[in-house]
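Peer 1:
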Amino acid sequence: MVYYKEYPKNKFRKCIFIILCIVFLATPHIIGASTTGRMQRCRLLMEDGPCRAMITRWWYNYSSKECQSFHYGGCGGNKNNFQSRYKCEKACKRPRKKYNVSNTT
Numbered sequence: 001m002v003y004y005k006e007y008p009k010n011k012f013r014k015c016i017f018i019i020l021c022i023v024f025l026a027t028p029h030i031i032g033a034s035t036t037g038r039m040q041r042c043r044l045l046m047e048d049g050p051c052r053a054m055i056t057r058w059w060y061n062y063s064s065k066e067c068q069s070f071h072y073g074g075c076g077g078n079k080n081n082f083q084s085r086y087k088c089e090k091a092c093k094r095p096r097k098k099y100n101v102s103n104t105t
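Under the UniProt record's numbering, the first residue of the sequence shown carries the number 1, and numbering increases by one thereafter.
(1) Could you give the residue range of the beta strand (DSSP E) that holds arginine 57?
(2) So what's cysteine 92 in DSSP terms, helix, strand or just coil?
(3) Quick one: grab the DSSP three-state call for glutamine 83.
(4) With cysteine 67 and tryptophan 58 assumed to form a contact (beta carbons below 8 angstroms), what rounded beta-carbon distance in angstroms separates them?
(5) Can you tell me which of the three DSSP states cysteine 75 falls into?
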């Protein structure tokens with residue numbers, strides 16, 4: 001009879017332990033996936049697509065670390081395609097570190 005009363009409590013603890021393990025192990029992958037996906041987007045080469053609409057868009061040039069304009073055809077292409085320079089820089093450029101320059105004489 002004692003075993004029967006303790007069984008639900010042990011089962012509950014085991015269930016909580018399993019849930020915590022899953023959350024603990026999955027969290028870095030979920031966070032890393034969102035960051036990695038964003039950075040992979042910014043590493044793609046510019047693709048104007050097969051159509052001929054000539055829409056001005058922006059892409060992040062990973063080599064020069066700058067957002068550059070290009071003419072997007074209106075279809076196809078890839079995810080390195082932003083409607084404005086601001087959106088491109090917000091998605092792909094890393095903020096510059098501010099250095100405190102002090103005069104020491």
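Every residue, glycine too, gets a C-beta built ideally from N, C-alpha and C.
Peer 2: By the coordinates alone:
(1) 55-61 is the extent of the beta strand (DSSP E) around arginine 57.
(2) Cysteine 92: helix per DSSP, three-state reduction.
(3) Three-state result, glutamine 83: coil.
(4) Cysteine 67 to tryptophan 58, Cβ: 5 angstroms. Contact.
(5) Here cysteine 75 sits in coil by DSSP.
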